[in-house]
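Chemist: First residue of the sequence shown: 1, per the working numbering; consecutive thereafter.
Each residue gets a CB set at the ideal place from its N, CA and C atoms; glycine is no exception.
A quick note: this is a predicted structure, and the numbers were derived from the prediction, not measured.
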Amino acid sequence: MSCAISAATGQFYPKNISRKMADMKFDSYVWLTEKQLKLCGVGLAESQKEKYFPLSSSSGGATVHLYNASQTENPEKVAKLVGRLVPVNVFSNFKIRPDAAWKLTASIGEYEKSEWLTLNQINALGLKLKEGAKYVCVEVPIPSQKGDESQSCLRTVQFYNVAELADPSLVSKMKNMLPISAHTGRKYQMALAMPLLQFAIEKGLDSPFWLTAALARELNLHIRGKAAPARLPMKGLTKEIELYNASQTNDPNVAASYAYRQLFQPRSALSGSHFPRDITRILSAAAMRNKYHSIYWLTKKQAVSLGVHILPGHNPTEVKIASEKRFLFNADQTNNSKKIEDRFS
1 MSCAISAATG
11 QFYPKNISRK
21 MADMKFDSYV
31 WLTEKQLKLC
41 GVGLAESQKE
51 KYFPLSSSSG
61 GATVHLYNAS
71 QTENPEKVAK
81 LVGRLVPVNV
91 FSNFKIRPDA
101 AWKLTASIGE
111 YEKSEWLTLN
121 QINALGLKLK
131 EGAKYVCVEV
141 PIPSQKGDES
151 QSCLRTVQFY
161 NVAELADPSL
171 VSKMKNMLPI
181 SAHTGRKYQM
191 ALAMPLLQFA
201 IEKGLDSPFW
211 LTAALARELN
221 LHIRGKAAPA
231 RLPMKGLTKE
241 IELYNASQTN
251 DPNVAASYAY
261 RQLFQPRSAL
271 SGSHFPRDIT
281 RILSAAAMRN
291 KYHSIYWLTK
301 KQAVSLGVHI
311 LPGHNPTEVK
321 IASEKRFLFN
331 ADQTNNSKKI
341 EDRFS
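In structure tokens, the structure reads:
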């Protein structure tokens with residue numbers, strides 16, 4: 001039995017749901033909601049409107065009615081749009097809000113991909129639009145200074161489908177080069193990633209990994225010839241930080257391997273910095289023993305300052321910092337590990 005497919009995402013439904021859908025004996029494996037029917041610009045025959053599959057939300061929300069593509073007036077059109085009904089803002093850390101998403105998706109029939117860029121992103125990356133490029137205006141939230149989206153105001157933003165670019169192939173290349181810090185193993189926030197991407201494209205650099213000259217020396221790497229660094233302003237620093245692309249060194253694989261290792265090293269939930277080697281060993285062992293997934297650790301006092309609290313009944317891991325005993329908790333032992341993780345994403 002083939003698995004049922006969501007028209008919106010192009011992904012398979014779980015096997016238990018697929019089996020129940022198969023029992024309805026429809027000809028297509030593709031299923032979609034009433035809203036998605038409208039987005040595809042197809043209708044249902046009157047006799048088919050009461051023949052639906054009721055899909056209950058895992059979070060206990062309302063039941064959604066799913067219709068099979070073969071029940072529509074144009075199954076072929078639905079098949080062509082599979083996986084393209086969820087718009088993606090290619091270079092953003094934020095998901096497109098549902099009300100904005102529907103506006104973008106409404107025009108997806110014109111394009112091969114549901115990938116979008118804002119005008120600001122296009123300009124920041126030095127990309128060019130083709131002549132007469134069409135755009136869709138949507139309202140997006142600007143979070144308050146405290147980062148609380150519920151307190152945000154809205155502003156109108158122009159979104160362009162990647163097909164409206166003079167050279168859409170550049171986006172695919174850039175996606176594979178989203179900048180990663182060799183120091184942390186994590187992707188840079190988009191405000192920093194944009195200028196690094198633009199620099200890489202302009203200079204013909206092909207590695208996603210970036211590092212300082214100091215780290216290059218620590219890893220016994222040599223910066224090639226007269227390679228120029230990218231210069232970025234950083235919060236809390238009076239001067240710009242200079243970063244080199246791994247492809248500007250004599251062995252790009254060394255930076256990549258180092259970055260991968262750093263991705264799993266324990267870090268302070270307050271500063272994001274590494275712990276000394278002996279403490280790292282203790283925390284890594286505790287994480288493995290207790291099956292913690294987060295790399296971030298904090299004290300009770302730090303938890304309060306970050307607006308989270310330690311869950312009842314959870315024991316700390318004891319370490320020594322500067323000859324003083326410290327009791328550290330993993331972010332997974334708090335009531336909101338995501339809030340901590342998001343500080344460094």
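In the DSSP assignment, the alpha helix (DSSP H) including Glu324 goes from what residue to what residue?
Modeler: For this step, residue 324 is matched to residue 324 along the sequence shown. Unbroken run through Glu324 is the beta strand (DSSP E), 324–330; no alpha helix (DSSP H).
Chemist: Which of the three DSSP states is assigned to Phe53 in this structure?
Modeler: What you label residue 53 is simply residue 53 of the sequence shown in a count that begins at 1. In the structure shown, Phe53 sits in a strand (DSSP, three-state: E or B).
Chemist: With a threshold of 7 Å on Cβ separation, who are the neighbours of Pro316 within its own chain once the five nearest residues in sequence on each side are excluded?
Modeler: Residue mapping note: residue 316 aligns to position 316 of the sequence shown, counting from 1. Same-chain partners within the cutoff: Phe327, Leu328, Phe329.
Chemist: Who are Phe209's beta bridge partners in DSSP?
Modeler: Sequence index remark: in the sequence shown, residue 209 carries index 209 (1-based). BP columns for Phe209 point to Ile180.
Chemist: Could you tell me the alpha carbon to alpha carbon distance between Leu127 and Lys134, rounded to whole angstroms?
Modeler: Here residue 127 refers to the residue found at position 127 when the sequence shown is read from its first residue. Here residue 134 refers to the residue found at position 134 when the sequence shown is read from its first residue. Leu127 and Lys134: Cα-Cα distance of roughly 15 Å.
Chemist: Three or more C-beta pairs closer than 8 Å, one from the stretch 188–200 and one from the stretch 232–251: is that the case here?
Modeler: Flag = yes, the stretch 188–200 and the stretch 232–251 touch.
Chemist: Which residues does DSSP list as the beta-bridge partners of Leu306?
Modeler: Here residue 306 refers to the residue found at position 306 of the sequence shown. Answer is none; Leu306 lacks a bridge partner.
Chemist: By Cβ distance, which residues of its chain are closer than 6 Å to Glu139, with the 5 residues on each side in sequence left out?
Modeler: Indexing the sequence shown from 1 puts residue 139 at position 139. The answer, listed in chain order, is Leu154, Thr156.
Chemist: Does DSSP put Ile340 in a helix, in a strand, or in coil?
Modeler: Position 340 of the sequence shown, counted from the first residue, corresponds to residue 340. If DSSP states are grouped into helix, strand and coil, Ile340 belongs with the helices.
Chemist: Could you spell out where the beta strand (DSSP E) holding Val157 opens and where it closes?
Modeler: What you label residue 157 is simply residue 157 of the sequence shown in a count that begins at 1. Element bounds for Val157: 153–161.
Chemist: Report the rounded CA-to-CA distance for Gln11 versus Ile5, giving the unit in angstroms.
Modeler: By one-based count along the sequence shown, residue 11 stands at place 11. By one-based count along the sequence shown, residue 5 stands at place 5. Straight-line Cα distance between these residues: approximately 6 Å.
Chemist: Starting from Arg281, follow the beta strand (DSSP E) in both directions and report where the run begins and ends.
Modeler: Here residue 281 is taken as the residue at index 281 of the sequence shown, counted from 1. Counting along the chain, Arg281 falls outside any beta strand (DSSP E), though it belongs to the alpha helix (DSSP H) covering 277–290.
Chemist: If you check the beta carbons only, do Ala69 and Gln36 fall under 8 Å apart?
Modeler: To locate residue 69, count along the sequence shown from 1; it is residue 69. To locate residue 36, count along the sequence shown from 1; it is residue 36. Taking 8 Å as the Cβ cut-off, Ala69 and Gln36 do not qualify as a contacting pair.
Chemist: Determine, using beta carbons only, whether Lys226 and Val90 come nearer to each other than 8 Å.
Modeler: For the purposes of this step, residue 226 is identified with residue 226 of the sequence shown, where counting begins at 1. For the purposes of this step, residue 90 is identified with residue 90 of the sequence shown, where counting begins at 1. Contact flag unset, no.
Chemist: On the DSSP bridge list, what partners appear for Glu318?
Modeler: Working through the sequence shown from its first residue, we reach residue 318 at position 318. Phe327, per the DSSP bridge assignment.
Chemist: Between Leu211, Val64, Val308, Met177, which has its C-alpha nearest Thr249's C-alpha?
Modeler: Start at 1 with the first residue of the sequence shown, and residue 249 comes out as number 249. Checked all of Leu211, Val64, Val308, Met177; the closest Cα to Thr249 is Leu211.
Chemist: Mind reading off the beta-carbon distance from Ser294 to Ala331? Whole number of angstroms is fine, and I expect it under 8 Å.
Modeler: Locating residue 294 in the sequence shown gives position 294, counting from the first residue. Locating residue 331 in the sequence shown gives position 331, counting from the first residue. Confirmed, Cβ separation roughly 4 Å.
Chemist: Would you grab the beta carbon distance between Met177 and Ala200 for me? Rounded to a whole angstrom, and I think it's under 8 Å.
Modeler: Position 177 of the sequence shown holds residue 177. Position 200 of the sequence shown holds residue 200. Yes, they are in contact, since the Cβ atoms of Met177 and Ala200 sit about 6 Å apart, within 8 Å.
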